[in-house]
Structures are given as structure tokens and as C-alpha cells.
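Residues 1421 to 1962 (the working numbering) make up the sequence shown, in order. This report refers to the structure that appears directly beneath it.
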Amino acid sequence: DNSVLHLKLSGQINERVSEADPLTELLSSSVPTPMGLNDITNSIRKAKDNDKIRGIYIDARMLAASTASLAEIRGELAKFKESGKFIVSYSDTYTQGAYYIASIADKVVINPEGMLDLHGMSSMPMFYKDALDKLGIEVQVFKVGTYKSAVEPFILTSMSDSNREQVSSYLTDMWNSIGADIAQSRNIDLDSFNAVVNTMPMMQDTDYLLQSNLVDTLLYESEMKDYLRSLLDIEEDDKIPSASVIDMKSVKPTKTKSSKNQIGLLYAVGEITSGTGSSNIQDKYLVNEIDKLRKNKDIKAVVLRVSSPGGSAFASEQIWKAIADLKEEKPVVVSMGDVAASGGYYIACNADKIVAQPTTITGSIGIFGMFPNLKKTADKVGLSVDVVKTHEFADFGNFARPMRDNEKELLQSHVERGYELFLTRCSDGRNIPKETLALYAEGRVWTGNQAKEIGLVDELGDLRTAIDIAAGLAEIEDDYLVYEFPKMRTFIEELLDKKQNDIAAETIKEYLGNHYNVFMLVKDIKEQDYVQARLPYNFNIN
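Structure representation (C-alpha cells):
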């Protein structure tokens, strides 16, 4: 009856996680297991309404997550503060992402010998061209979109001017959102805050952190626990009653509802590929899930949670069609997570409403294709390929030779048709004239903030915002329950699915040694669909 929610921020934050790996927990309790964003936000929401929870203790450790996930958690904490309950934070070492969350606390505490890593944002893509040249690998590229930079690491040794322009634009906008949030919570002028960031606080002593108002108090961990006891009005030697995020999963919401009306929350997370499996976003599997939601009469609206850099253009089109069919029967609202770009935007563009975080990465409306030419590699090791064929293009896709001019023309034409279809889908879905949309396409990446300004996004907000909008469109505002789809797999199911692939990967890695990374690059290019709609990077803030 007198507890705190112990919010331990460590490891990687994913959209959802399956049940914990018991072997990892047995072998080492010090290894942070991935956390589900849904579990974290649900636990905060339950704690707000639970009279047994007096406040939240943020235990900030080594955390890795995207800015949009961090903003989702921070936003939920802001709503928690409206209850009048306390939030306090402690860390020996605040990572930038953990500090972004912790800065909203009523009191931010750091160890007297601790560190606070606050450094701003940067993008450091790796370029493989010289390495591929040494191995005799040429990557033949076909694309539409001045800003479509996914191919650059394979054909350049540094960023193009257009890519540098867009990266600078979205990084600046993302940091402006993060910096403004921190500065406001810490009651610091934004210019003064940025000046402090430029002093590299991680290398400053904790007195400097106090003077700069980045933290409130210096305490050792034992002293922090005594402070928590004082907030809970318990004795010095008493154990601090607390509940973890995992504990809160089994706690029923205080405000329970009973309703036949349901909102389906459908997760689409990972790269988009063609297939029937449940890992990442495989078109046949997701289309089947969408079809089941369409036929379910109890599901009055669907929220599609998209967190994807894109992938196969063909698979994206199949999912788009399933969403179009679903939309004819019930409202569809998209909630964009960390990234919903390229193919991720393709599958989102036809929704009734699109909601994104200010720091969501989206847009990247463009298409590309890549073909490796391994002839020089084959020559180096003494391999040769001969061909007998019945038709001119019967050996199309032969990696042991460069593509002929007529093959290049056909593939470029194929890519351009894919781009035109992509533009059409987005133009129709967003009700933006194609000529206007083309100005914002060209493969350019936008933040959620920027996307709202140009009409690619309707609202800025979190997953709960999207659910509220869906309920409004379905006219069931105060009478519904939310159910997540697809159902999460058990640990045993995950283990059986991964076992054979993991063994093969480890064998190849051991044999190739330092060449393994290059092998994986070529493998990815070879196995992907000819035409791709995807981003080149993953976005994390550490």
C-alpha cells in the first residue's frame, strides 16, 4: 500500500518483447534484457491510477533507444505527474537517452563521482566502397530520388551533398525537440542549455552539473535509498516496497472496463519482406492478420503501429492493398513509432489518420535496386561461369558478369514505375496533388515535426493519441477495450525458430573471420527483392 514503481532503464527498448529468456536470467543477472515499450508505458499508466503506488523511482542505467521511444516514455511520465505523485531519478552514469527521460523528474540525483553524457546528436554512416573494390565487388545501382541515400555506402566513400543536407536537417529538428523538452523541465534557457552541452558535461565534475542545473542533488546510492524511504515515510532499515515493470504486467488496471467494442492494435515492426513468417514484417503473414481484423465484427477500429525502415516494394504494395480493404469496413489510424519511412510510410499512407512523435523518422518516399557484380572476385580466385540460354534475358541476375546496357535500362524503368506507383499511393492516401507531393518525395527523410508541416502526418502524439482518435472515428469514445495483435510468441517458439539459422550463421562467421561483415553485405544485396523502398540507417540515442 506504500510502494514505488521501480523504473529500471537499461538495455535496448523494443516495441514489444516476447517472454524473457530464462537461460539468460540464470546465467547472468547483470545482462540487461530488452524491454518492451508497451510494457513500460502500460506500467506507468497503471501506476498513475493505483492508490498503492506513491511515486516512480527512475533507476537510470545504460540505455539504448530511439528518440521516439524515449519521447513516448517521457510523455507517459508527464501524464503521471498530473496525479500529484512524485517522480525521482538516480544514476551513477546518465546516458543521453536516459537523461532525456529522467529530466522530467521532480528531483534528478547523481552519484557524487558520477557522469552525465550529454553531447548532442550525430550521424556516422560507414562506407564500404573501397573495401568492396579491394574484394573485386561492384554494386550496380538503380534508384529514383535525389535524397535516396540507402545506396550511397556501396558506391561512395562519403556522404553526397544532398544526403548531408537532409541528415543535417532532421538531426537539427530532432535535437531541437529533445533540447527544448529538457531545457523546459530543468528550467534552463534553451540557448544556455545548448552552451552547456557544448562543454561536454560527461568530462565535467558533478559540481558543474549542479551549477548548470542539470541535476538537483549529489547522493550515493545508499543515500538515495534513504531519501526514498523518507518520501514513503518508512523507517531507515525497512525494505523499500517496490514494483517493477514486469510486476506491473500482472496488475489489473484500477479503472477496469467491460465492453464488446474492441480496438485492434496491430504491430508492424521491422523490415518489410515477402514471406509467411512472423519475424519482422512479412507480407503474407501481416496481410492475413489484417484480414482477420477486417472480418472480426467486435473490432470496431484498427490502430496500425508502424516501426519500420521499409524493405521490399512488392511486399509493401501487398500490405497497402490489405489496409485499403480494411479501411472500407472500419477506421484505420496509424501510430508511427521510431521510424516509419520508405516502405514503412508506404503501408501507412492510406490510413484515415496518421499520428507520429515529433522525433519519428518518416518520409523517404523513393525506390532503389542493387545488383552485385562479382566478376573481378571470381577472377581473383580462379572461378569462371559459362552460360547456355534459350532467350536473351535467360541469364538475367548472373552475378558473375556486369549487367548489359539493355538490362540496366529495363531495371531502371522497373524502378521508375515502382516510384510512380509509390507516389500515386501516397498522393491518393494523403489527398495531396501528385505534383505537390513530388516536391516532398525524392527519397527525402523527414522528422514527425517536419512531416506534419508538409501534410505527410496529421497529428503529433503517442500511441494513446492514435487510439483515442480511432475510438472517436468509430464513435466508441468511452466504451472499448484494446487488444494487441499479432499475439506474442513464447520463448520456446522463438528458440525453435532461431536455432538452425543461428548455428549456420556462427559456422560461417567462424570460417570467414574478418571477412564476415562483407559477406553479410553481399548476402543482403543478393537476397533482397530487386526493388527496395527502405532507409539506410537505424536510429538510436544512447
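All C-beta atoms in this analysis are idealised placements derived from N, C-alpha and C, irrespective of residue type, glycine included.
Practice prompt. Can you have a look at D1703 and say buried or exposed, based on whether 16 or more other CB atoms are within 10 angstroms of its CB?
Written response: buried
Worksheet item: From which residue to which residue does the beta strand (DSSP E) around I1575 run?
Response: I1575 -> not in any beta strand (DSSP E); alpha helix (DSSP H) instead, spanning E1572 to I1575.
Worksheet item: Taking C-alpha atoms, which residue in D1711, H1539 and N1700 lies nearest to A1615?
Response: H1539
Item to complete: Look at the alpha carbon of A1798 and the alpha carbon of A1570, and state the distance between them as a whole number of angstroms.
Response: 26 Å
Fill in: CB-CB length for I1787 against A1733, believed under 8 Å
6 Å
Worksheet item: Taking W1740 as the reference, which of G1757, S1762, I1719 and A1721 has the closest Cα?
Response: S1762
Worksheet entry | Candidates A1735, T1779, R1824 and K1809, of which the one nearest F1791 by Cα | R1824
Fill in: Secondary structure, alpha helix (DSSP H): runs of 4+ residues fully inside the segment 1769-1848
1795-1801
Worksheet item: What do you reckon, are the CB atoms on G1504 and L1483 nearer than 9 Å?
Response: no
Practice prompt. Tell me, please, which residues DSSP counts as bridged to K1563.
Written response: F1788
Worksheet item: Sorted by chain position, which residues of the same chain lie with C-beta nearer than 8 Å to A1760's C-beta, five sequence neighbours on each side aside?
Response: V1726, S1727, S1728, V1754, A1768, A1776, T1780, I1781 and T1782
Worksheet item: By Cβ distance, which residues of its chain are closer than 8 Å to P1822, with the 5 residues on each side in sequence left out?
Response: E1558, Q1560, N1793 and K1795
Worksheet item: From Y1361 to Y1567, what does the alpha carbon distance come to, in whole angstroms?
Response: Shown here, the chain extends from 1421 to 1962; a query on residue 1361 therefore has no answer.
Discussion item. To the nearest angstrom, how far is the alpha carbon of P1573 from that of G1863?
Written reply: 16 Å
Worksheet item: Is the CB-CB distance between A1522 and L1429 below 9 Å?
Response: yes
Fill in: Rounded distance between the beta-carbons of D1479 and L1427, thought under 8 Å
7 Å
Fill in: Sub-9 Å separation of G1695 and L1713 beta-carbons
no
Fill in: E1812 to E1827 span [Cα, whole Å]
10 Å
Worksheet item: Considering A1761, what are the terminal residues of the alpha helix (DSSP H) in which it resides?
Response: Premise fails: A1761 lies in the beta strand (DSSP E), V1752 to A1761, not in any alpha helix (DSSP H).
Worksheet entry | Assigned secondary structure, D1636 (DSSP; H/G/I helix, E/B strand, else coil) | coil
Worksheet item: Just to confirm, are P1853 and A1491 a CB contact at a threshold of 9 Å?
Response: no
Discussion item. Rounded to the nearest angstrom, what separates I1887 and S1612 at their Cα positions?
Written reply: 37 Å
Worksheet item: Based on the DSSP output, what are the partners of A1744 in its beta bridges?
Response: A1744 is not bridged to any residue.
Worksheet item: Is DSSP giving K1428 helix, strand or coil here?
Response: strand
Practice prompt. Taking L1490 as part of the alpha helix (DSSP H), name the residues at either end of that continuous run.
Written response: T1487 to K1501
Worksheet item: So I1692 packs on A1735, CB below 8 Å; how close in whole Å?
Response: 5 Å
Practice prompt. Using three-state DSSP, classify D1627 as helix, strand or coil.
Written response: helix
Worksheet item: So, using beta-carbon positions, are L1841 and R1850 closer together than 9 Å?
Response: no
Worksheet item: Buried or exposed: which applies to K1919, given that a residue is buried once 16 or more other Cβ atoms fall within 10 Å of its Cβ?
Response: Unreliable positioning characterises K1919 in this predicted model, as indicated by a pLDDT of 49, which lies under 50. A coordinate reading is not provided.
Discussion item. Using CA atoms only, rank isn't needed, just tell me which of S1679, I1774, K1715 and G1495 is closest to I1598.
Written reply: G1495
Item to complete: Tell me E1904's beta-bridge partners as DSSP assigns them.
Response: L1685
Practice prompt. With distances taken Cα to Cα, identify the nearest neighbour of N1596 among T1867, D1745, V1529 and M1622.
Written response: T1867
Worksheet item: What are the start and end residues of the beta strand (DSSP E) that includes I1719?
Response: I1719 to S1728
Worksheet item: With distances taken from CA atoms, which of F1905, T1453 and D1609 is nearest R1708?
Response: A small fix is needed here, since residue 1708 is Asn in this sequence, not Arg. Answer by Cα proximity: F1905.
Worksheet item: E1435: buried (16+ other C-beta within 10 angstroms of its C-beta) or exposed?
Response: buried
Worksheet item: What did DSSP end up calling L1706 once you bin it into helix, strand or coil?
Response: helix
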